[in-house]
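Notes for the one structure printed next.
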Amino acid sequence: MTMIFGIPVQAFLGQLLVGLINGSFYAMLSLGLAVIFGLLRVINFAHGAQYMLGAFIGYLLLTYLGIGYWPALILAPLIVGLFGIVVERLALSRLYDTDPLYGLLFTFGLALVLEGIFRYYYGVSGNPYAVPPLLSGGTNLGFMFLPNYRGWVVVASLIVCFGTWALIEKTRLGSYLRAATENPHLVQAFGVNVPLLLTLTYGLGSALAGLAGILAAPVYQVSPLMGSDLIIVVFAVVVVGGMGSILGAIVTGYMLGLAEGLTKVFYPEASNLVVFVIMAIVLLVRPAGLFGRDA
Amino acid sequence: MSEGTSEMLEETSDMAELTLRETSARTPAWLEWTLVGLAILALLAAPFFVYPIFLMKMLCFALFACAFNLLLGYTGLLSFGHATFFGGAAYFTAHAVKVWGWPPEAGILLGMAGAALLGLVMGFFAIRRQGIYFAMITLALSQMFFFFCVQAPFTQGEDGIQGVPRGVLLGVLDLNVSINMYYFVLAVFLLGVFAIWRIVNSPFGMILRSIRENENRAISLGYSVASYKLAAFIMSAALAGLAGSLKAIVFQFATLTDVTWQMSGEVILMTLLGGIGTMVGPVIGASLVVGLENTLATSGFPVTIATGLIFMVCVLIFRRGIVGELYARVLGRAGKG
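These protein sequences, in sequence, are chains R and W.
For the first sequence, the numbering used here begins at 1351 and goes up steadily by one.
For the second sequence, the numbering used here begins at 8 and goes up steadily by one.
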């Protein structure tokens, strides 16, 4: 059997794939956080809960209405996005002229409520969500065995990430968005409806979290706690990348996922800690983050 | 060096005077002292009317919230990782008392020192960024400490350290007697709050407030803002640790619950609910939250939903907290008139 650094190549690539999958979710979630923070100056603590909501909506649609994976892939982000729009209109929009920390605290409370509700009705144990038939099974790539669904997750997350990047960097709507980030008052004076833009942005960010959730449902188990465990790691990712750039958030997400996978190969005990250690090192060397613009 | 220091002190005393005048115009001092005196009397009498364990839990969390408020309310730094100091100190104390057979006072001091050390490390990294990033860094580092506690052998994983002996304080006072334990906790609580009050109203505390109000101006006045922030962080950590150590002795165990991010959130809620930047607010907030949790524990209604709802309501409707609103409405009007 071929070995790399004294480790069977199969195991090595397997962990690397797990890292890549985790990285896909880090990238999608930190992307959503960066999009929301860019315009609203709010750190969306509820992002993890919205991710969990996306997964649960997929699970509930299947269990109670018999609606399968593919329609859920559209419906779950849509519902989570609408939920986000309601939250923004009713609450977050009242907090824009206060200290940004209040936005963090409000969304923290929201996350607790969402998690509490699902925990109350579904307990803490995970519920399995079957891989859709089209993507079940795997492909032998010659050097390793790739479960089809995992391949799909990587491809889908790349599409989502670069689609969002293109939407923000290359379209007219994106240019309004970027302009409003720089100077909302001026953009408003030019006749752009900035409050609507803010609402849609939060909706879009939430929908991204929901989409990540439904993509994650067949990989991890659907559990009320799946979001809060993840969101703290994503915060570390965001600190490493800096929230200045969309591309930075995406690249950092994949990078840290891979770093985590590699650590699992060489020193499994530290795999939970490695993202935080990298964060600490980045803070020492480059406090603004790898892609950050300002301190 | 000495010239610079005396200049600094002069400036500081100016600032102190200004703020003191401001407060004395708003709140009559005799009223404040009478209320504090009455509160202490009530706490002295309380164990004869209320279940002492509940009171002790309340006092531990009240001290924890006051320590947290030293950082959030008076320095303007939102730490999302204070569970590390609270729970970490509980582990250190429990280990020292149970495994090494240390007396309770030594165990508590060790817990405080350990929390201060953790505060030094976390603060060292966190003060490199401000505002929202500061919150995220402290949260991430405390999650790291949580994972460390899950794996480290001395914490005994999911079981936690159980059956910690309360011991005999200074070789004289038997803490296994409930009433002795209560008065010890009360004494430590009062001492801790007094220390915080002294810190906040010292020249050092004034500099902390100036950092809260306008960090750039504090820098341009020549203060080494980073070291002041770090010092405040360490003090807050040590006092939070004191609360955690005390809790470990009272309840005779230390578990993972106290180092989770939910615990960090809980102390934020206590402070926010009572009133950020007030001396009494965190005490009231902590009492209410502990009381609410005790009530809900028997009702079957999930605590997280209640906590989350209170968070949302506080942020949306009364950001100044109960005591802050009271000050603003009653005393603010009296001060004007």
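Where is the CB? At the ideal position from N, CA and C, for every residue including glycine.
No experiment lies behind these values; they were computed from the predicted model shown.
- Between the C-alpha atoms of A113 of chain W and V1385 of chain R there is a straight-line separation of about 50 Å.
- Between the segment 1573 to 1585 of chain R and the segment 1473 to 1488 of chain R, the count of Cβ pairs shorter than 8 Å is three or higher; the stretches touch.
- The beta carbon of L1547 of chain R lies closer than 6 Å to those of A1530 in the same chain, with the five residues before and after it left out.
- No Cβ-Cβ contact shorter than 9 Å links I241 of chain W with A225 of chain W.
- Neighbours of Y1452 of chain R in chain W, taken as residues at a C-beta separation under 7 Å, are given in chain order as V322 and R326.
- The residues A1422, A1426, I1564 and A1567, in chain order, have a CB closer than 6 Å to that of G1408 of chain R in the same chain once the five nearest residues on each side in sequence are set aside.
- Any Cβ of chain W closer than 9 Å to the Cβ of A1377 of chain R would place that residue at the interface, and such an atom is absent.
- Scanning W:A293, W:L124 and W:G138 for the CA closest to the CA of I218 of chain W turns up W:G138.
- For V1588 of chain R, the neighbours in chain W by C-beta distance under 8 Å run, in chain order, M143.
- Nearest to V1601 of chain R by alpha-carbon distance, out of R:L1432, R:L1428, R:A1506 and R:C1511, is R:C1511.
- Taken in chain order, the complete alpha helix (DSSP H) segments of 4 or more residues contained in the segment 1599 to 1637 of chain R are 1624 to 1635.
- When DSSP states are grouped into helix, strand and coil, N1394 of chain R belongs to the coil group.
- From the beta-carbon of M319 of chain W, the residues of chain R found nearer than 8 Å are A1441, F1456, G1459, L1460 and V1463.
- Here the alpha carbons of M319 of chain W and W1420 of chain R stand approximately 35 Å from one another.
- In terms of CA proximity to Y1401 of chain R, R:V1430 leads the group R:R1636, R:Y1617, R:L1415 and R:V1430.
- By the neighbour-count definition (other C-beta atoms within 10 Å, threshold 16), W40 of chain W is an exposed residue.
- If you compare the alpha carbons of W:V157, W:L279 and W:T285 with that of I317 of chain W, the shortest gap goes to W:L279.
- I275 of chain W carries a helical assignment under DSSP once its states are collapsed to helix, strand and coil.
- CA-to-CA, the gap between L253 of chain W and N76 of chain W works out to about 18 Å.
- For D1447 of chain R, the three-state secondary structure derived from DSSP is coil.
- In terms of beta-carbon proximity, F201 of chain W stays away from the interface with chain R, with every pair separated by 9 Å or more.
- Boundaries of the beta strand (DSSP E) around T1489 of chain R: G1488 to N1490.
- With a cutoff of 9 Å on beta-carbon distance, G94 of chain W and G251 of chain W are scored as near each other.
- Against chain R, the CB of L263 of chain W has no partner CB under 9 Å away; the residue lies outside that interface.
- Rounded to whole angstroms, the gap between the alpha carbons of E165 of chain W and F154 of chain W is 12 Å.
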